[in-house]
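Shown next, in structure tokens, is the structure this report addresses.
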Amino acid sequence: GEPITVPSLDMVFGCYYLTVIKAGARGEGKIFSNFDEAKLAYELGIIDLCAEIEVQGGDKQGERIKTTVGRILFNDALPPQLRFYNEVVDKAVLRTLVSDCIRLLGNETTAAVLDNLKQLGFSYATKSGISIAMNDIIEPPGKAKLLKEADKLVSMAEDQFNRGFITEDERYESVVQVWMETTDKVTEDVSQSLDRYGGIYMMATSGAKGNISQIRQLAGMRGLMTDPSGKIMDFPIRSSFREGLSPMEYFISTHGARKGLADTALR
Numbered sequence: 008g009e010p011i012t013v014p015s016l017d018m019v020f021g022c023y024y025l026t027v028i029k030a031g032a033r034g035e036g037k038i039f040s041n042f043d044e045a046k047l048a049y050e051l052g053i054i055d056l057c058a059e060i061e062v063q064g065g066d067k068q069g070e071r072i073k074t075t076v077g078r079i080l081f082n083d084a085l086p087p088q089l090r091f092y093n094e095v096v097d098k099a100v101l102r103t104l105v106s107d108c109i110r111l112l113g114n115e116t117t118a119a120v121l122d123n124l125k126q127l128g129f130s131y132a133t134k135s136g137i138s139i140a141m142n143d144i145i146e147p148p149g150k151a152k153l154l155k156e157a158d159k160l161v162s163m164a165e166d167q168f169n170r171g172f173i174t175e176d177e178r179y180e181s182v183v184q185v186w187m188e189t190t191d192k193v194t195e196d197v198s199q200s201l202d203r204y205g206g207i208y209m210m211a212t213s214g215a216k217g218n219i220s221q222i223r224q225l226a227g228m229r230g231l232m233t234d235p236s237g238k239i240m241d242f243p244i245r246s247s248f249r250e251g252l253s254p255m256e257y258f259i260s261t262h263g264a265r266k267g268l269a270d271t272a273l274r
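For the sequence shown, our numbering assigns the number 8 to the initial residue and increments by one for each residue that follows.
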């Protein structure tokens, strides 16, 4: 089974921020003899929280390991039996950690660990100073080209239908498939264009809140919508929320919103 109590939202973000590695951070590549020495260097401002460093005797075999001060601080919140988590800690990793804690150490210890993770997460989510602005939502550079290519493929399908080479159902399937693939490509383009240490990207990838699909709607394109019957409409919304929707696109998007409200009321 899965644990029913796991860190979420700001707690997840704080742990993610604490354990991520930032390329080129102050103190990158420095070597320390133990964890305490590394923490002291951080407190003195010699190295950054997210700088990749090497620590002697960091693992169970006493070998030198590559880690960050953030990861050392994260492991300080865990019982000795669960250390050493030397990876980026997102929501999935936290769920696994809580499961392992319940299995190995029991409910009472797990409650204390969850409390530690809560405090740690809130503290470093606050220290991160994370925020979101319109400038963080960047339109992907390849979007115009992707839409142009999709329009060509849709025109070919329409032409084949008009000539009687394919049926209406085949035309519909072909057009929907083209726009689904284009939406996936725009999603990938959006993901590549985002700042890896920016608020939006870190929130989505950590599992704290939102996902890449929602970011695509903000920055790339909304994509295909469904009509009131649940059928996918073959006319996509090309605009993103940042650009703003045309009257026609806004009207198309209201189908799903209205249906969602009606379903909620009737559930």
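Virtual Cβ for every residue (Gly too), placed ideally from N, Cα, C.
Alpha carbon to alpha carbon, what distance is there between Asn123 and Ala48?
-> What you label residue 48 is simply residue 41 of the sequence shown in a count that begins at 1. What you label residue 123 is simply residue 116 of the sequence shown in a count that begins at 1. Looking at the two C-alpha atoms, the distance is approximately 23 angstroms.
Is the region 89 to 98 touching the region 13 to 22 in the sense that three or more CB pairs, one from each, lie closer than 8 angstroms?
-> Counting Cβ pairs under 8 angstroms, three or more are found: they touch.
Whole-angstrom C-beta distance between Phe91 and Gly21, which should lie under 8 angstroms = Locating residue 21 in the sequence shown gives position 14, where the first residue counts as 1. Locating residue 91 in the sequence shown gives position 84, where the first residue counts as 1. Phe91 and Gly21 do not touch by the CB rule: their CB atoms are close to 19 angstroms apart, not below 8 angstroms.
Have a look at the DSSP bridge pairing and note the partners of Lys73.
-> Counted from its first residue, the sequence shown places residue 73 at position 66. Paired residues: Glu61.
Using only the heavy atoms of the ligand FMN, determine whether one of them is closer than 7 angstroms to the beta carbon of Glu165.
-> In the structure on display, the ligand FMN does not appear, and there are no ligands present to speak of.
Under the three-state DSSP convention, the category Gly263 falls into = Within the sequence shown, the letter at position 256 stands for residue 263. DSSP, read as helix, strand or coil, puts Gly263 in helix.
What residue does the alpha helix (DSSP H) around Ser200 start on, and which one ends it?
-> On the sequence shown, residue 200 is found 193 positions in, with the first residue counted as 1. Unbroken alpha helix (DSSP H) run through Ser200: Glu175 to Ser200.
Going by DSSP, what residues sit across from Ile145 in a beta bridge?
-> As a first step, residue 145 must be located in the sequence shown, where it is residue number 138. In the DSSP assignment, Ile145 is bridged to no other residue.
Residues near Thr189 by beta carbon distance below 6 angstroms, same chain, minus five either side | For the purposes of this step, residue 189 is taken as residue 182 along the sequence shown, with counting starting at 1. In chain order, Leu153 and Ala157 place their CB closer than 6 angstroms to the CB of Thr189, counting only its own chain and leaving out the 5 sequence neighbours on each side.
Please name the residue or residues paired with Thr233 in a DSSP beta bridge.
-> Stepping through the sequence shown from its first residue, residue 233 is reached at position 226. DSSP output for Thr233 lists Ile239 as bridge partner(s).
Excluding the five sequence neighbours on either side, which residues of its own chain have a C-beta within less than 6 angstroms of the C-beta of Ile38, listed in chain order?
-> Along the sequence shown, one-based indexing puts residue 38 at 31. The residues Glu61, in chain order, have a CB closer than 6 angstroms to that of Ile38 in the same chain once the five nearest residues on each side in sequence are set aside.
Just grab the DSSP bridge partners of Ile244 for me.
-> As a first step, residue 244 must be located in the sequence shown, where it is residue number 237. The secondary-structure analysis by DSSP pairs Ile244 across a beta bridge with Gly230.
Identify, in the order they occur along the chain, each residue of the same chain with its Cβ nearer than 6 angstroms to the Cβ of Tyr24, setting aside the five sequence neighbours on each side.
-> Against the sequence shown, residue 24 aligns to sequence position 17. Answer for Tyr24: Tyr131 and Ser135, listed in chain order.
Excluding sequence positions up to five away, which residues of its chain have a Cβ less than 8 angstroms from the Cβ of Arg178?
-> To locate residue 178, count along the sequence shown from 1; it is residue 171. So the qualifying residues of the chain are Ala164, Glu165, Gln167 and Phe168.
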